[in-house]
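For reference, the structure is listed below as structure tokens.
Numbering (the working numbering), first residue to last: 75 to 317.
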């Protein structure tokens, strides 16, 4: 019987961009995870183009039980975009000018620092800019989410170069855990690791279940299986169940 292995993770679609590698940066990009700097003047930020871009970046993360924005957004005016801010890991530069015949995206990799991505959004006018970023919301969000996942993956492989042996044995997959995931609970087809920290709590749950029909991949079916599995093995206070 085929088994489907479920990982609690975000699946990101990689969008297509025109990319250049600047190669001029030697220091590592700085900033926190999922932080995006938008280089735009105050007037444009408070007008339709800025509000449209804010709504895209402030959209909620998929697959979470509570609403949380995809990114922490920092707006910087062009005159304040100095060397300090040029080290940021994620940067968006709106460029609205009549020299463009149509809206387009371009990306620059490692222009000022290693591990950095700069997305340029070009448009001939404000109306086309708003329409373009709204219609390409998924591509913009997924591009930065993918870059963040690549950074985390690279960091984990450097931090913990060897995949977790027990997960390899149990599920046949390679996964690198962050340090401190020492509290482990195992059941048939179920593996739960946590650092059990009061602050900075981290949990990784891996489970598998029989593949019986294509309907198991439907949203409602996956949610029901997740709730049933977590409710069975992860108990809270007063015997409450995690879903």
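Every residue gets a Cβ at the ideal spot worked out from N, C-alpha and C, and that includes glycine.
From a predicted model like this one, the values you see are computed outputs, not experimental measurements.
{"Asked": "Can you give the beta carbon distance from residue 215 to residue 157, rounded, assuming they're within the 8 Å contact cut?", "Found": "The pair is not a contact, with the Cβ atoms about 28 Å apart (cut-off 8 Å)."}
{"Asked": "What number of angstroms, rounded off, separates the C-alpha of residue 89 from the C-alpha of residue 210?", "Found": "With a pLDDT of 32 at residue 89, under the threshold of 50, the modelled position of that residue is not reliable, and no figure is offered here."}
{"Asked": "With respect to the alpha helix (DSSP H) encompassing residue 120, which residues constitute its N-terminal and C-terminal limits?", "Found": "116-120"}
{"Asked": "Kindly indicate which three-state DSSP category residue 138 falls into: helix, strand or coil?", "Found": "coil"}
{"Asked": "Work out the CA separation of residue 176 and residue 236 for me, nearest whole Å.", "Found": "47 Å"}
{"Asked": "Just mark residue 265 as buried or exposed, buried being the case when its beta carbon has 16 or more other beta carbons within 10 Å.", "Found": "buried"}
{"Asked": "How big is the Cα-Cα spacing for residue 272 and residue 128?", "Found": "33 Å"}
{"Asked": "Mapping DSSP to helix, strand and coil, what is residue 172?", "Found": "coil"}
{"Asked": "Using the C-alpha atoms, what's the distance from residue 104 back to residue 275?", "Found": "23 Å"}
{"Asked": "Evaluate residue 302 with the Cβ neighbour count: other Cβ atoms within 10 Å of its Cβ, from every protein chain shown; 16 or more gives buried, anything less gives exposed.", "Found": "exposed"}
{"Asked": "Taking the alpha carbon of residue 193 as the reference point, which residue from 143, 137, 131, 136 has its own alpha carbon closest?", "Found": "131"}
{"Asked": "Could you please give the first and the last residue of the uninterrupted alpha helix (DSSP H) stretch that includes residue 216?", "Found": "211-233"}
{"Asked": "What separation, rounded to the nearest whole angstrom, lies between the Cα atoms of residue 298 and residue 291?", "Found": "11 Å"}
{"Asked": "DSSP three-state label for residue 101, please.", "Found": "coil"}
{"Asked": "Residue 238 and residue 249 - do their beta-carbons sit closer together than 7 Å?", "Found": "yes"}
{"Asked": "With 16 as the cutoff for other CB atoms within 10 Å, does residue 309 come out buried or exposed?", "Found": "exposed"}
{"Asked": "Assign residue 183 to one of three DSSP states: helix, strand, or coil.", "Found": "strand"}
{"Asked": "Answer with buried or exposed for residue 227, where buried requires no fewer than 16 other C-beta atoms within 10 angstroms of its C-beta.", "Found": "exposed"}
{"Asked": "Give me the Cα-Cα distance between residue 196 and residue 112, rounded to the nearest whole angstrom.", "Found": "14 Å"}
{"Asked": "What separation, rounded to the nearest whole angstrom, lies between the Cα atoms of residue 307 and residue 242?", "Found": "21 Å"}
{"Asked": "Identify every residue that forms a DSSP beta bridge with residue 277.", "Found": "268"}
{"Asked": "In the DSSP output, which residue or residues are listed as bridge partners for residue 192?", "Found": "165, 182"}
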